[in-house]
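To start, the structure under review is shown below, and the notes come after it.
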Amino acid sequence: MVNNELQWQAVYDVIVLGFGGAGASAARFAADKEKNVLLVDVAPFGNEGGNTRYAGQGVNAAKDYNKMLTYYNHLTYPMALSEDVKEAYITGLVNNKNYFEKYLGVKPVSVIDDLPDPNLKKQVVEYPEFPGQETNDALMVHMGSFDAALWKILRQKVIERSNKIDVWLNSRAQKLIQDTDQTILGVEIQREGQSINVGANHGVVLAMGGFENNEEMVQSYLGATNLSPMGSLYNRGDGISMAQTAGAKMWHMSNYESYSMMHGLYFDIPGAKRSHQVYWEAGEEDGGCIVIGDDGTRYFNEAEHARHGHIYSHGTWRHAPLSINPYLIFDQTQYEEFQKNPFNYIKLEDIIIKADSIAKLAKKLQLPVTNLEKTINTYNKFSSIGTDYQFGRDTKTMRQFDQGPYYAIKMVNTVLNTQGGPQRNGKAEIIGHNNEPIPHLFGAGELGGICANLYQGAGNLAECLIFGKIAGENVSSTKALHLQSNSNDYQNINDLTSGEQLGKITVDSNQYLGESNDGIGGKLVVKITYSNKTIENIEIVEEHESEDVGLLALKQIPEQMIATNKVDIDAVSGATSTSRALIAAVKDALNKATTN
Numbered sequence: 018m019v020n021n022e023l024q025w026q027a028v029y030d031v032i033v034l035g036f037g038g039a040g041a042s043a044a045r046f047a048a049d050k051e052k053n054v055l056l057v058d059v060a061p062f063g064n065e066g067g068n069t070r071y072a073g074q075g076v077n078a079a080k081d082y083n084k085m086l087t088y089y090n091h092l093t094y095p096m097a098l099s100e101d102v103k104e105a106y107i108t109g110l111v112n113n114k115n116y117f118e119k120y121l122g123v124k125p126v127s128v129i130d131d132l133p134d135p136n137l138k139k140q141v142v143e144y145p146e147f148p149g150q151e152t153n154d155a156l157m158v159h160m161g162s163f164d165a166a167l168w169k170i171l172r173q174k175v176i177e178r179s180n181k182i183d184v185w186l187n188s189r190a191q192k193l194i195q196d197t198d199q200t201i202l203g204v205e206i207q208r209e210g211q212s213i214n215v216g217a218n219h220g221v222v223l224a225m226g227g228f229e230n231n232e233e234m235v236q237s238y239l240g241a242t243n244l245s246p247m248g249s250l251y252n253r254g255d256g257i258s259m260a261q262t263a264g265a266k267m268w269h270m271s272n273y274e275s276y277s278m279m280h281g282l283y284f285d286i287p288g289a290k291r292s293h294q295v296y297w298e299a300g301e302e303d304g305g306c307i308v309i310g311d312d313g314t315r316y317f318n319e320a321e322h323a324r325h326g327h328i329y330s331h332g333t334w335r336h337a338p339l340s341i342n343p344y345l346i347f348d349q350t351q352y353e354e355f356q357k358n359p360f361n362y363i364k365l366e367d368i369i370i371k372a373d374s375i376a377k378l379a380k381k382l383q384l385p386v387t388n389l390e391k392t393i394n395t396y397n398k399f400s401s402i403g404t405d406y407q408f409g410r411d412t413k414t415m416r417q418f419d420q421g422p423y424y425a426i427k428m429v430n431t432v433l434n435t436q437g438g439p440q441r442n443g444k445a446e447i448i449g450h451n452n453e454p455i456p457h458l459f460g461a462g463e464l465g466g467i468c469a470n471l472y473q474g475a476g477n478l479a480e481c482l483i484f485g486k487i488a489g490e491n492v493s494s495t496k497a498l499h500l501q502s503n504s505n506d507y508q509n510i511n512d513l514t515s516g517e518q519l520g521k522i523t524v525d526s527n528q529y530l531g532e533s534n535d536g537i538g539g540k541l542v543v544k545i546t547y548s549n550k551t552i553e554n555i556e557i558v559e560e561h562e563s564e565d566v567g568l569l570a571l572k573q574i575p576e577q578m579i580a581t582n583k584v585d586i587d588a589v590s591g592a593t594s595t596s597r598a599l600i601a602a603v604k605d606a607l608n609k610a611t612t613n
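18 is the number of the first residue of the sequence shown in this note's numbering; add one for each residue after it.
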């Protein structure tokens, strides 16, 4: 609650909190309604983008409204979802092809009709058992995935509207400021050590993502510990705390998705901040591997089709049971098979535990020897008789373990995103405990996502676009509050455009700048020193790549280029987009060097 003496350090028409796909869309459409927008994100420059930046870049779409409604009702069952929310979402899915052409400026690529990748097609129709599934599709902005291509378009749409959209990065929203009638007046934002009250004459859009990086919320809402995030490291649940304080109802708090290997596992890499997206399930060449839980026994079907962590359970699908310390166990033959197909940038030798016998392996893992030996013997027996009586694994993907040696890799449970947060209606208005909209408060994206039970791949990016647009347009149509700022110190600040460094870089003789927009985060700029047909130095002067494997590529590739005096270096596995962008930037700089 506020009093009449509250001072506003800045006032905008609309404040959008969160610069991912939903926030970028909401800000863009509010600006297109001639509103002055402040877009705020806690991530520092170069790390903005939320989970949209790391996602596969597919956007759910549908060809037929009624079939999609049928399919979506089966995904949601037995949970309830408001009819106006479903209508808004499914209408958006049917119109997404037009959305791509009209608002993104690209002709959409259909995964079903245009792409040959069978793994992508399996994700596009994640539940083929349900009626209506045949209408489901996913759209891409080009013939590629997991390369931030969609995100870069959304980011560019914000940059193009810099006359209407100010961007504050590395700025953390603290709380919503409300009047006595619950109307949202503005936001208290922490920026550069200062607490700043920013007014919003038309309203606030919460698009701050989920809580996958908030350990306390993960334990409270998901009943789990040690879930390794796969997307943004800045989704800390701030939007949930702020919405709760403002009186919003929460929904879907227990819903989350995982990904990667089988039913949401990845290698437990010491010191790693994030897990990576591999998409791997045991196939016919992977018979010599199983996953075990804390007691040394199997606990799911390793070859079942992966559905973002959900696994078949007595007529429906639920998240696989989460062991605290799961292990991937495999034999020598399987080890040799894995060597043919390295997982991302991981060297298996760095994380493998090896033993000559199953008993010795169990001791190294501090597991009951009898349990692990019995588990392997039972698995071998099921393989020999042609039926897995425990979990129904297709015996084409099973074979008896060989004579060793044997291997183990410690795994970690992953979290792709969470869905819980403040409830919204079909107009993207956030609902209070009285079941009425909180005035001037809107929501979009994964913060209070509309996924109520089972998740269909590419659905959250579709939700970001659809409800981002709805929120941006509807917040712009509210009755203005006529708040006034008592200062101009915090107006006309744009950390996004001022962060672009190319015009600020100085070069000496034999130094040349090169750039590329092929990276996962946008522009990548290098400065090379080139003399006597030799690359003497490569300096990265601007980059917005991922915090882990992307940085590895930025370190390794220049070293190899300088050592070999060659530009066409093999990409770092798991960082293809970053590698491609770096090579293109160096080639751009070399082209300038050789033509001068």
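For each residue, glycine too, the CB sits at the ideal point set by N, CA and C.
* **Cutoff 8 Å; reference Gln74; Cβ partners in own chain excluding five residues on either side** => The residue you call residue 74 lines up with position 57 of the sequence shown. Taken in chain order, the residues that qualify are Met157, Val158, Gly161, Ser162, Phe163, Asp164, Ala165, Ala166, Leu167, Trp168, Leu478.
* Should Gln436 and His269 be called a contact, given that it needs their Cβ atoms to be closer than 8 Å? -> Here residue 436 refers to the residue found at position 419 when the sequence shown is read from its first residue. Here residue 269 refers to the residue found at position 252 when the sequence shown is read from its first residue. A contact, by the Cβ cut-off of 8 Å.
* C-beta atoms of His457 and Ala217 nearer than 8 Å -> Counting from 1 along the sequence shown, the entry for residue 457 is found at position 440. Counting from 1 along the sequence shown, the entry for residue 217 is found at position 200. Between His457 and Ala217, the C-beta spacing is below 8 Å.
* Asked: Using the C-alpha atoms, what's the distance from Glu302 back to Asn470?
  -> Your numbering for residue 470 matches position 453 in the sequence shown. Your numbering for residue 302 matches position 285 in the sequence shown. Distance from the CA of Asn470 to the CA of Glu302, rounded to the nearest whole angstrom, comes to 33 Å.
* Asked: Cα separation between Met18 and Tyr29?
  -> As a position in the sequence shown, residue 18 is number 1, starting the count at 1. As a position in the sequence shown, residue 29 is number 12, starting the count at 1. Below a pLDDT of 50, predicted positions are generally treated as unreliable, and Met18, at 49, falls in that range; the measurement from the model is reported next regardless. Straight across, the Cα-Cα distance linking Met18 with Tyr29 is about 20 Å.
* Between the C-alpha atoms of Asn187 and Ala97, what's the straight-line distance to the nearest angstrom? -> Along the sequence shown, one-based indexing puts residue 187 at 170. Along the sequence shown, one-based indexing puts residue 97 at 80. Between the alpha carbons of Asn187 and Ala97 lies a gap of roughly 37 Å.
* Rounded to whole angstroms, what's the CA-CA distance from Asp605 to Leu513? Just pull it up for me. => Sequence index remark: in the sequence shown, residue 605 carries index 588 (1-based). Sequence index remark: in the sequence shown, residue 513 carries index 496 (1-based). Asp605 and Leu513: Cα-Cα distance of roughly 24 Å.
* Asked: CB Leu339 to CB Asn430, shorter than 8 Å?
  -> To locate residue 339, count along the sequence shown from 1; it is residue 322. To locate residue 430, count along the sequence shown from 1; it is residue 413. Going by C-beta atoms, Leu339 is nearer than 8 Å to Asn430.
* **Other residues of its chain near Ile182: CB distance less than 7 Å, five sequence neighbours each side excluded** => On the sequence shown, position 165 is the one that residue 182 refers to. Apart from sequence neighbours up to five positions away, the residues of its chain that approach Ile182 with a beta-carbon distance below 7 Å are Ala44, Ala48, Val54, Leu56, Val175, ordered along the chain.
* Asked: Quick one, which of Gly536, Val558, Lys540 has its alpha-carbon nearest Thr546's?
  -> Along the sequence shown, one-based indexing puts residue 546 at 529. Here the closest residue by C-alpha is Val558.
* If you run the structure through DSSP and keep just helix, strand and coil, what is Met18? -> Here the question's residue 18 lines up with position 1 in the sequence shown. Residue confidence is low: Met18 scores 49 on pLDDT, short of 50, so the model does not pin down where it sits. No coordinate-derived value is stated.
* Between Thr387, Ile448, Asn318, His322, which lies nearest to Tyr406 when the distance is taken from Cα to Cα? -> Residue mapping note: residue 406 aligns to position 389 of the sequence shown, counting from 1. Residue nearest to Tyr406 within the set Thr387, Ile448, Asn318, His322 is Asn318 (criterion: CA-CA distance).
* Tyr144, DSSP secondary structure in three states -> Translated into the one-based positions of the sequence shown, residue 144 becomes position 127. Coil.
* Asked: Would a C-beta distance cut-off of 8 Å place Leu282 and Met428 closer than the cut-off?
  -> Residue 282 sits at position 265 when you count from the first residue of the sequence shown. Residue 428 sits at position 411 when you count from the first residue of the sequence shown. Their beta carbons are under 8 Å apart, which means Leu282 touches Met428 by this criterion.
* Would Glu562 be called buried (16 or more neighbouring beta carbons within 10 Å of its own) or exposed? -> Reading the sequence shown from its first residue, position 545 is the one you call residue 562. Looking at its Cβ environment, which holds 16 or more other Cβ atoms inside 10 Å, Glu562 is buried.
* Asked: Which residue's Cα is closest to the Cα of Phe355: Ala299, Lys398, His327?
  -> Your numbering for residue 355 matches position 338 in the sequence shown. Taking each of Ala299, Lys398, His327 in turn and checking the Cα distance to Phe355, the smallest one comes out for Ala299.
* Counting only the same chain and skipping the five closest in sequence on each side, list residues whose C-beta sits under 7 Å from that of Thr314. => Taking the first residue of the sequence shown as 1, we reach residue 314 at position 297. Cβ within range, chain order: Asn388, Thr392.
* Identify every run of the alpha helix (DSSP H) within the region 328-389, keeping only runs that are complete inside it and at least 4 residues long; order them along the chain. => Qualifying alpha helix (DSSP H) stretches, in chain order: 349-357, 375-381.
* Asked: DSSP puts Tyr529 in a beta bridge; with which residues?
  -> To locate residue 529, count along the sequence shown from 1; it is residue 512. The secondary-structure analysis by DSSP pairs Tyr529 across a beta bridge with Ile545.
* Excluding sequence positions up to five away, which residues of its chain have a Cβ less than 8 Å from the Cβ of Leu607? -> If you number the sequence shown from 1, residue 607 lands on position 590. Tyr529, Gly531, Ile545, Tyr547, Ile552, Val584.
* For Arg189: DSSP bridge partner residues -> On the sequence shown, residue 189 is found 172 positions in, with the first residue counted as 1. Answer is Gln207.
* To do: Starting from the N-terminal side, write out each stretch of the beta strand (DSSP E) that is 3 residues or longer and does not extend beyond the region 74-159.
  => Segments of the beta strand (DSSP E) lying fully in the region 74-159: 76-79, 153-157.
* **Per-residue DSSP class, three states only, for Cys481** => One-based indexing of the sequence shown puts residue 481 at position 464. Three-state result, Cys481: helix.
* Which stretch, first to last residue, makes up the alpha helix (DSSP H) that contains Met259? -> Residue mapping note: residue 259 aligns to position 242 of the sequence shown, counting from 1. For Met259, the uninterrupted alpha helix (DSSP H) run begins and ends at 255-262, by DSSP.
* Asked: Going by the CB atoms, is the gap between Met225 and Gly35 shorter than 8 Å?
  -> The residue you call residue 35 lines up with position 18 of the sequence shown. The residue you call residue 225 lines up with position 208 of the sequence shown. Yes.
* How about Leu458: is its Cβ closer than 7 Å to a heavy atom in the ligand COA? -> Because no ligand of any kind appears in the structure shown, any question about the ligand COA cannot be addressed here.
* Do three or more CB pairs link the region 248-268 to the region 226-238 at distances below 8 Å? -> Touching, yes, given that three or more Cβ pairs across the two stretches are closer than 8 Å.
* Name the DSSP bridge partner or partners of Ala441? -> Start at 1 with the first residue of the sequence shown, and residue 441 comes out as number 424. The amino acid at residue 441 is misidentified as Ala; the sequence shows Arg. In the DSSP output, where bridge partners are listed per residue, Arg441 has Ile447.
* **8 Å contact criterion, which Gln191 and Ile206 should meet: CB distance rounded** => Taking the first residue of the sequence shown as 1, we reach residue 191 at position 174. Taking the first residue of the sequence shown as 1, we reach residue 206 at position 189. Beta-carbon to beta-carbon, Gln191 and Ile206 are separated by about 7 Å, close enough to satisfy the 8 Å threshold.
* Sequence ranges, alpha helix (DSSP H) only - wholly within the region 221-294, length at least 4 -> If only complete runs of 4 or more residues are kept, the region 221-294 shows the alpha helix (DSSP H) at 255-262, in order along the chain.
* Asked: Comparing alpha-carbon positions, which option in Tyr352, Glu151, Ala461, Glu177 lies nearest Gly305?
  -> Within the sequence shown, the letter at position 288 stands for residue 305. Comparing Cα-Cα distances from Gly305 to each of Tyr352, Glu151, Ala461, Glu177, the minimum goes to Tyr352.
* **Range of the contiguous alpha helix (DSSP H) that encloses Gly38** => Residue mapping note: residue 38 aligns to position 21 of the sequence shown, counting from 1. Segment 38-49, the alpha helix (DSSP H) holding Gly38.
* To do: Starting from the Cα of Arg208, find the closest Cα among Asn534, Thr523, Ala27 and give me that residue.
  => What you label residue 208 is simply residue 191 of the sequence shown in a count that begins at 1. Checked all of Asn534, Thr523, Ala27; the closest Cα to Arg208 is Ala27.
* Asked: What first and last residue would you give for the alpha helix (DSSP H) that runs through Asn430?
  -> Looking up residue 430 in the sequence shown gives position 413. Going by DSSP, Asn430 is part of no alpha helix (DSSP H) but of the beta strand (DSSP E) stretching over 423-432.
* Run the CB neighbour count on Gln150, radius 10 Å, all protein chains shown included, and call it buried at 16 or more, exposed below. => One-based indexing of the sequence shown puts residue 150 at position 133. When all chains shown are included, Gln150 counts as buried.
* Would you kindly work out how many angstroms separate the C-alpha atoms of Phe347 and Pro246, rounded to a whole number? => Position 330 of the sequence shown, counted from the start, is the residue given in the question as residue 347. Position 229 of the sequence shown, counted from the start, is the residue given in the question as residue 246. Each residue's CA atom was taken as its position, placing Phe347 and Pro246 some 26 Å apart.
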